[in-house]
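Asks:
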Amino acid sequence: MSSFCNTHIRQEERKENYLIVSLFLSDLSNFYFVFILFVFDFYSTVTVNIIMKKKLKVGIFSFTGDEGCVIYFLEMLNERYKEWFELIDFKHARILKRKSIVKDIDVAFVEGAISSKKEEEKLREVRNNSKRVVAIGSCAISGNPSNQRNFFNMETKQEIDFLLKRFNMNEKVLPISEFVKVDDVVPGCPMIEENFVEVLTKYLKEFNVVK
Amino acid sequence: MHKDADIKIEQLSKIEGHADLDIKIRGGEVADVKLRIEENKRFYTQAIRGMSYMQVPQLVSRICGTCSIAHLSCCIEAVENIVGFKPSEQTEILRNLAMYGLMIRDHAMHLYLFSLPDVFGKDSVLDFDESLHKYVHHAFAVKGAGNNLSKLIMGRSVHATLCQVGGFLKVPEREGIKKSVEELKSVRENVIELIEVFANWPERFERKTNFVGIVSKDYNFLEGRIKSTDGLDIPENKYWEHLDRVVIPYSQAEGFEFEGKEYLVGALARINLNKNNLHKDTKKDAAEFLRLFPSENIFHNNLAQAIEILHSIDRAIELLETHTFKEEKKPTIKPKTNEGVGVIEAPRGTLYYMLSLNADGTVRFGNLVIPTAQNQIKMQSDIKYFLPQLLDKPEEEIKSELEKLIRAYDPCMSCASHFLKVNWK
Chain Y
1 MSSFCNTHIR QEERKENYLI VSLFLSDLSN FYFVFILFVF DFYSTVTVNI IMKKKLKVGI
61 FSFTGDEGCV IYFLEMLNER YKEWFELIDF KHARILKRKS IVKDIDVAFV EGAISSKKEE
121 EKLREVRNNS KRVVAIGSCA ISGNPSNQRN FFNMETKQEI DFLLKRFNMN EKVLPISEFV
181 KVDDVVPGCP MIEENFVEVL TKYLKEFNVV K
Chain E
212 MHKDADIKIE QLSKIEGHAD LDIKIRGGEV ADVKLRIEEN KRFYTQAIRG MSYMQVPQLV
272 SRICGTCSIA HLSCCIEAVE NIVGFKPSEQ TEILRNLAMY GLMIRDHAMH LYLFSLPDVF
332 GKDSVLDFDE SLHKYVHHAF AVKGAGNNLS KLIMGRSVHA TLCQVGGFLK VPEREGIKKS
392 VEELKSVREN VIELIEVFAN WPERFERKTN FVGIVSKDYN FLEGRIKSTD GLDIPENKYW
452 EHLDRVVIPY SQAEGFEFEG KEYLVGALAR INLNKNNLHK DTKKDAAEFL RLFPSENIFH
512 NNLAQAIEIL HSIDRAIELL ETHTFKEEKK PTIKPKTNEG VGVIEAPRGT LYYMLSLNAD
572 GTVRFGNLVI PTAQNQIKMQ SDIKYFLPQL LDKPEEEIKS ELEKLIRAYD PCMSCASHFL
632 KVNWK
């Protein structure tokens, strides 16, 4: 059983469904063991966590902004990476990996405001594939400061109009809550560390990654 | 062999910001390359108009999440030149320390998190197995040392709070300085190891290049003369006279030519132009690797950045150990109608701010020249020259080799997509 744990369960892409996992086993007694565990799982997440080492499936997304919140997250990792790498499975994080997919995400952290239809569509894709969406940083929450052009005078708006047209940008830059339901926010410019940790911890508990 | 193919890389990974790459192969040859910087413009050059000169640095800091300290510092330099204010010696030292902290943190982020996976054939540091684990620890230790130095001097590394036109709101305390020096000393060995890794990486792409950057006797990132490997030597404030803007219609960033030709700014340019003025301890410990310069191998930009981390550590330790800092009286600054320039070396290259103020101290207009925008034309033509040797490979490999090359420039797309139109009124 222990060698099975080492090779199959500790892989990054391990299957949640114990029954499917057990099909890979050749030993029938192991199958029954895992099946019993599956039933036991309904009543005890602790067992699961010890053996399955469940991680929070996180997506990190950046729209119109300076990536300051994502960069700040990377700086938070300086002190916390040992803990967080054990608890988080980064499904989508283009700042860290090429292999990023928008699928089966527990919590999406979204930075930046929305400037274009293309971004709107991407945002909706994120919402549809994530159980929770958290707006991080001022741009995602209120639009500001990426939305400054919304408040330009007529003359300045006319000056930049040809660029908005050239790049298919929307008339106004808007926060993400204008397009999708947002479950939580982490305010600040950049986002405030304590607030981010509070929100992350909340979801680590909600998704049974920690007690 | 691809005879006719359209290769598109959407959303390049492990770079700062958003960019796509479009390639057309026709008849087995490279027909077209378009590097599309997709970062949506946020129009800071327009947004700063009408803002008070005291507030504008804090706003332009938000142009970029990683080199925000560079924008802040360059903007402050421009404003202080306009109002004719000369900062105190202590303020200059603190600003240099802030830049060293920035270089350490930003270069380390790029080298460890973006480029090192390429060296070891992995997608991400998250995939580093037992044998590579130490580099994960080093990554966060070195980044942390830079981050903490920036925090000590500036209050925060992303959108710093303590640095203003005229001086600093607070000065670092002895306890914090002691801790920072210890931390910088503790990561020095990690950086030397990083230098070795990049020096031994056999990746190579060379083309005749004109390198441009600020050169100074102590290899600082704030003041000096602008030099080029083609032989130019000019004062900082004449930079704009040698630049031409080039509109690239499919990119949200403009391109630039220097003296009518493509050119390169950044760590590789700086080391090529000025390696003899690196800190003596850096020169000693990196002697073997400094012999590789001057270099036209674009992948040596990574090596150059690693050497600059070491130099920044050595300079920061020296400054922190030889100075004590005292609270200074807030200076009186009077706004002036005038035009002024700030030119510094940001992590990715020469950054130029030209600002013009109204009599009441509000910004009349501004013009910003961003390092990555300056490299854009060369990046694109380098890709065109690099491609032919890749055409035999499967598409996935072509894409990953191209990403590797692009990462070597350490482009910052958030900065680059900055619109730069001078509005003369």
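Protein chains in written order, with this note's numbering: chain Y, 1 to 211; chain E, 212 to 636. The beta-carbon is built from N, C-alpha and C at its ideal position, and this holds for glycine as well.
Spell out the partners DSSP gives Cys-278(E) in its beta bridges.
Replies: Paired residue(s): none; Cys-278(E) is not in a bridge.
Asks: Report the neighbours of Asp-231(E) on chain Y: residues whose CB is nearer than 8 Å to its CB, in chain order.
Replies: Correct list: empty, because the minimum Cβ distance to chain Y is about 11 Å.
Asks: Have a look at Leu-405(E) and Ala-93(Y) and give me their C-alpha separation to the nearest angstrom.
Replies: Distance between the alpha carbons of Leu-405(E) and Ala-93(Y): 24 Å.
Asks: For Lys-345(E), which option in Met-310(E), Val-392(E), Val-408(E) has the closest C-alpha, if you only look at C-alpha atoms?
Replies: The option with the nearest alpha carbon to Lys-345(E) is Val-408(E).
Asks: Let me see if you follow: with CB-CB separation under 8 Å, is Leu-96(Y) close to chain E or not?
Replies: Yes - at least one Cβ of chain E is within 8 Å of the one on Leu-96(Y).
Asks: Roughly how many whole angstroms lie between the Cα atoms of Ala-230(E) and Ser-628(E)?
Replies: So the two alpha carbons sit approximately 10 Å from each other.
Asks: Alpha carbon to alpha carbon, how far is Ile-226(E) from Lys-53(Y)? Give it in angstroms, no decimals.
Replies: Answer to the nearest angstrom: the Cα atoms are 31 Å apart.
Asks: In three-state terms, what does DSSP make of Gln-266(E)?
Replies: Reduced to three states, the DSSP call for Gln-266(E) is coil.
Asks: To test your reading of the DSSP string, which unbroken alpha helix (DSSP H) runs of 4 or more residues are found completely within the region 516-544 of chain E?
Replies: Taking only runs of at least 4 residues, no alpha helix (DSSP H) segment lies wholly in the region 516-544 of chain E.
Asks: Flag this pair as touching only if the region 580-593 of chain E and the region 308-321 of chain E have three or more C-beta atom pairs under 8 Å; answer yes or no.
Replies: No, they do not touch.
Asks: Below 7 Å CB to CB, which residues in the same chain sit around Ala-497(E) once its five sequence neighbours on both sides are set aside?
Replies: Answer for Ala-497(E): Ile-406, Ile-518, Leu-521, listed in chain order.
Asks: By how many angstroms is the C-alpha of Lys-252(E) removed from the C-alpha of Ala-281(E)?
Replies: The alpha-carbon atoms of Ala-281(E) and Lys-252(E) are separated by roughly 19 Å.
Asks: Run through DSSP, which three-state label would Thr-372(E) get?
Replies: Three-state DSSP puts Thr-372(E) in coil, outside helix and strand.
Asks: Closest by CA to Lys-449(E), which one among Ala-309(E), Tyr-563(E), Met-624(E)?
Replies: Out of Ala-309(E), Tyr-563(E), Met-624(E), Tyr-563(E) has the C-alpha closest to the C-alpha of Lys-449(E).
Asks: So that I know if they touch, is there some Cβ in chain Y lying closer than 8 Å to that of Ile-324(E)?
Replies: It should be pointed out that residue 324(E) corresponds to Leu in this sequence rather than to Ile. With 8 Å as the cut-off, Leu-324(E) counts as an interface residue toward chain Y.
Asks: Look up Gly-461(E) in the DSSP assignment and give the residues it is bridged to.
Replies: Looking at the sequence itself, residue 461(E) is Tyr, so the reference to Gly does not match. DSSP, once it has assigned bridges, lists no residue as partnering Tyr-461(E).
Asks: Would you please verify whether the beta carbon of Ile-581(E) is less than 8 Å from any beta carbon of chain Y?
Replies: Not closer than 8 Å to any Cβ of chain Y, the Cβ of Ile-581(E) fails to qualify, so no.
Asks: Could you check which residue in Lys-91(Y), Arg-132(Y), Ala-113(Y), Ile-95(Y) has the C-alpha nearest to that of Pro-175(Y)?
Replies: Per the Cα distances, Ala-113(Y).
Asks: Which whole-angstrom value is the C-beta distance of Glu-556(E) and Thr-420(E), which I expect to be below 8 Å?
Replies: About 17 Å; that fails the 8 Å criterion.
Asks: Could you give the distance in angstroms between the alpha-carbon of Met-552(E) and the alpha-carbon of Gly-466(E)?
Replies: For clarity, residue 552(E) is Val in the given sequence; the question names Met instead. Rounded to whole angstroms, Val-552(E) to Gly-466(E) spans 20 Å at the Cα level.
Asks: Ignoring anything shorter than 4 residues, give me the alpha helix (DSSP H) runs that lie fully in the region 127-192 of chain Y, in order along the chain.
Replies: List check, alpha helix (DSSP H) in window: 138-142, 154-166.
Asks: Buried or exposed, going by whether 16 or more other CB atoms sit within 10 Å of the CB of Glu-608(E)?
Replies: It counts as exposed.
Asks: Could you have a look at Ser-100(Y) and say whether DSSP puts it in helix, strand or coil?
Replies: Coil at Ser-100(Y), not helix or strand.
Asks: So His-370(E) contacts chain Y; which residues on that side make the cut at Cβ distance below 8 Å?
Replies: Here the neighbours are Gly-68, Cys-189, Pro-190.
Asks: Taking 8 Å as the cut-off, does the region 136-152 of chain Y touch the region 203-210 of chain Y (at least 3 CB pairs, one atom from each stretch)?
Replies: Segments in contact, no.
Asks: Between the alpha carbons of Lys-172(Y) and Gly-357(E), how many angstroms are there, rounded?
Replies: Cα to Cα, the separation comes out at about 37 Å.
Asks: When you compare the CB of Lys-53(Y) with every CB in chain E, is at least one pair closer than 8 Å?
Replies: By this cut-off, Lys-53(Y) is not an interface position.
Asks: Straight-line CA distance for Pro-413(E) to Phe-151(Y)?
Replies: About 51 Å.
Asks: Kindly indicate if chain C contains any beta-carbon less than 8 Å away from that of Gln-158(Y).
Replies: In summary, chain C is missing from the structure at hand, where the protein chains are Y and E.
Asks: Within the continuous beta strand (DSSP E) that includes Phe-576(E), where are the two ends?
Replies: Run containing Phe-576(E): 574-580, per the beta strand (DSSP E) assignment.
Asks: According to DSSP, is Pro-505(E) part of a helix, a strand, or is it coil?
Replies: It is coil, neither helix nor strand.
Asks: Quick one, are the C-beta atoms of His-349(E) and Asn-411(E) less than 8 Å apart?
Replies: Against a cut-off of 8 Å, the Cβ pair of Asn-411(E) and His-349(E) comes out as no contact.
Asks: At which residues does the alpha helix (DSSP H) containing Val-76(Y) begin and terminate?
Replies: Strictly speaking, residue 76(Y) in this sequence is Met, with Val absent from that position. It spans 68-87 - the alpha helix (DSSP H) in which Met-76(Y) sits, taken as one unbroken run.
Asks: With DSSP collapsed to three states, give me the class of Val-58(Y).
Replies: Strand, per DSSP.
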